[in-house]
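Once you know that position 60 of the sequence shown is 133 in my numbering, the rest is easy, because the numbers rise by one and skip nothing.
For glycine and all other residues, C-beta sits at the position ideal for the given N, C-alpha and C.
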Amino acid sequence: MRHKIPTLIAILMFAGMFVFAQSEKKEAVIAFYNLENLFDTEDDPLTNDAEFLPDGANQWTPERYQNKLKNMSSVICLIGKENGGVVVIGVSEIENRKVLEDLVATDNLKPLNLAVAHHDSPDRRGVDVAFLYSKERFQLLDTKAFPVITDDTSFRTRDLFLMSGVVDKTDTIHCIVMHWPSKIGGEKRSMPKRIAAAEAARRIADSLFAANINANIIFMGDFNDNPTAKSVKEYLRPQVKIKDVQKGDLFNPMWKMYQDGIGTYAYRDNWDVIDQMIISYNLINPVRNNSYKYVTTKVFRRNFMLTQTGSYTGYPLRTFAGGAYQGGYSDHFPVYIVFSK
């Protein structure tokens, strides 16, 4: 009998250690969302925003603008909610800093206490890429914009926008949000422009790796290309299987998603994965024990975000479709990555 008491104590101690370890587990969610033309109702003489004015083609009234803010915020507040909430979210197709300040001030997002990191891009329509981040969990260190240079000197597109900061006072991460040139004019004809964007992105990665081979890098954005496209596969050059990723490499978890038929954007009854997130080696195999580590990648898709009737049933419920106002959300689904430590 006297041997059973120490055994019981050992079991209880082990159980206590396990509970403590479980309670110490922490998660962080990094996300991306194309907000599909989040414009305000004011005329900007420096950009081509005429269709998004009250008397413009889209009759973009204050009421419609407020409904768009409400819809976008209702999605963002739910992304990653079951995984500790979003720490950083990259966004695209936003007109300016003001629309993001209006967005984070909505009733849905005010409790998240989000800040804005924004840069004015040279895009002719005036759309930019930017970040929202948690003031409590993310300490902003620096931002920098990188232009996409093509052979067409008259072409202007969104810059690549880098934001560096510290998550939960422990992990320094470098997030790059992008919106690569579209396929207007045809996929083959427009491909060199997306290759130029991919080359610019790879230069950013190589520069960060040169400074620190264990840099935590997260590319995110609307690539306007699938993971199998030449621009992504040959120029940004991420690995597509975790077992192949080495130091100095990038990893694209969206490749398997695309192979499995999961999509973020629907076109002509095909699902594409043009919204992608790509990460560096150290986020898969961190050198420090108490660092965030990659867990999974997900597409955020809920029934209320889907078209319920008609020929586009099951497609993302858009703000406009075929020129008609739908009062929906976006033509893209958000994507996000869960990290844990």
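#### Entry: Outcome for SER227 when other beta-carbon atoms lying within 10 angstroms are tallied against a minimum of 16
SER227 comes out exposed.
### Query
In this structure, what does DSSP give as the bridge partners for LYS242?
Note: LYS242 sits in no beta bridge, so no partner.
### Task
Give a yes or no on contact between the region 321 to 328 and the region 261 to 268, applying the rule of three or more CB pairs nearer than 8 angstroms.
No: fewer than three Cβ pairs fall under 8 angstroms.
### Where ASN285 falls, given that 16 or more other Cβ within 10 Å makes a residue buried
ASN285 is classed as exposed because its beta carbon has fewer than 16 other beta carbons within 10 Å across all chains shown.
#### Entry: Beta bridge counterpart(s) of ILE291 as assigned by DSSP
As DSSP reads the structure, ILE291 sits in a beta bridge with CYS248, ILE352.
### Task
Measuring only between beta-carbons, confirm whether ASP225 sits less than 8 angstroms from chain D.
Absent here is chain D; the protein component of the structure consists of one chain.
#### Entry: ASP333 burial status per 10 Å Cβ neighbour count (16 or more: buried)
The residue in question, ASP333, is exposed, as its Cβ has fewer than 16 Cβ neighbours within 10 Å.
### Message
Distance check for HIS192 and PHE234, CA to CA, integer angstroms please.
### Response
Annotation: PHE234 to HIS192 spans about 7 angstroms, alpha carbon to alpha carbon.
### C-alpha gap between GLN381 and GLY387, whole angstroms
Roughly 6 angstroms between the two C-alpha positions.
### Task
Assign ILE222 to buried or exposed, taking buried as 16 or more other Cβ atoms, counted over all protein chains shown, within 10 Å of its Cβ.
The residue in question, ILE222, is exposed, as its Cβ has fewer than 16 Cβ neighbours within 10 Å.
### Task
Indicate the three-state DSSP secondary structure (helix, strand or coil) for PRO389 in the structure shown.
If DSSP states are grouped into helix, strand and coil, PRO389 belongs with the strands.
### Task
Please determine, among ILE246, LEU119, PHE112, the residue with the shortest C-alpha to C-alpha distance to LYS126.
Here the sequence assigns Leu to residue 126, which means Lys is not the residue at that position. Considering only alpha carbons, the answer is PHE112.
### Message
Does the structure place the region 234 to 251 close enough to the region 286 to 293 that three or more beta carbon pairs sit under 8 angstroms?
### Response
Yes, the region 286 to 293 touches the region 234 to 251.
### Message
According to DSSP, simplified to helix, strand and coil, what is PRO407?
### Response
Reduced to three states, the DSSP call for PRO407 is coil.
### Message
Spatial neighbours of MET236 within its chain, please: C-beta separation below 6 angstroms, excluding the five flanking residues on both sides.
### Response
Around MET236: ALA190, PHE204, THR216, CYS248.
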